[in-house]
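First residue of the sequence shown? That's 1459 in my numbering, and the numbers climb one at a time after it.
Using N, Cα and C, we set each Cβ at its ideal position, and we do this for glycine too.
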Amino acid sequence: MTNIYITKNDHKKLIKLINEKLLDNDSTRSLLSELERAEIVEPEKIPANVITMNSLVNFTDVDSGAELEYWLVFPEDADIAQRKISVISPVGCALLGYRVGDIINLKTPSGEKKIKVEKILRQPEAEGNYE
1459 MTNIYITKND HKKLIKLINE KLLDNDSTRS LLSELERAEI VEPEKIPANV
1509 ITMNSLVNFT DVDSGAELEY WLVFPEDADI AQRKISVISP VGCALLGYRV
1559 GDIINLKTPS GEKKIKVEKI LRQPEAEGNY E
């Protein structure tokens, strides 16, 4: 299993989100599972090639070849029309903590998918935003 990396700040915010919302469904269980296996890193030390919250990510659907570009956001900021996907969605949860070049297996309502992380176009920490 590929190692994933999450900033200390993102980890704290996501645990708080799960606890405050008392969400108990497949999506939040998947997110909690990812958070439990992640290596927690200080925001200043997260590599620029790792997907963090509020990153703009370019990835490919391995099966169809479709290239997609989305922001990874907290649930309250999700808006598919603006290409903002929630971290508790299957794709959002799958992207968190992975790196450029990683191939990720994920379960979606329409079945199993494989996506490949191609580029991180924006990462807050790489721009000096550590909140």
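DSSP state of residue i mapped onto helix, strand, coil
i            : result
residue 1594 : What the structure shows of the chain is the stretch from 1459 to 1589, and residue 1594 is not part of that stretch, so it cannot be assessed.
residue 1500 : coil
residue 1510 : coil
residue 1461 : coil
residue 1544 : strand
residue 1554 : coil
residue 1477 : helix
residue 1516 : strand
residue 1467 : helix
residue 1492 : helix
residue 1521 : coil
Neighbourhood of residue i by C-beta distance below 8 Å, restricted to the same chain and skipping five residues each side
i            : result
residue 1558 : 1507, 1575, 1576, 1577 and 1578
residue 1560 : 1460, 1574 and 1575
Beta-carbon separation (whole angstroms), residue i vs residue j, contact threshold 8 Å
i            : j            : result
residue 1545 : residue 1530 : 6 Å
residue 1476 : residue 1490 : 6 Å
residue 1573 : residue 1486 : The pair is not a contact, with the Cβ atoms about 21 Å apart (cut-off 8 Å).
residue 1543 : residue 1528 : 5 Å
Beta-carbon gap between residue i and residue j smaller than 9 Å
i            : j            : result
residue 1498 : residue 1466 : yes
residue 1516 : residue 1582 : no
residue 1565 : residue 1521 : no
residue 1550 : residue 1536 : yes
residue 1502 : residue 1588 : yes
Residues near residue i in its chain [Cβ-Cβ closer than 6 Å; skip 5 each side]
i            : result
residue 1496 : 1462, 1464 and 1555
residue 1488 : 1551
residue 1533 : 1544 and 1546
Cβ neighbours of residue i in the same chain (closer than 7 Å, five flanking residues each side left out)
i            : result
residue 1580 : 1513 and 1514
Residue burial classification, residue i (beta-carbon count within 10 angstroms, cutoff 16)
i            : result
residue 1492 : buried
residue 1484 : exposed
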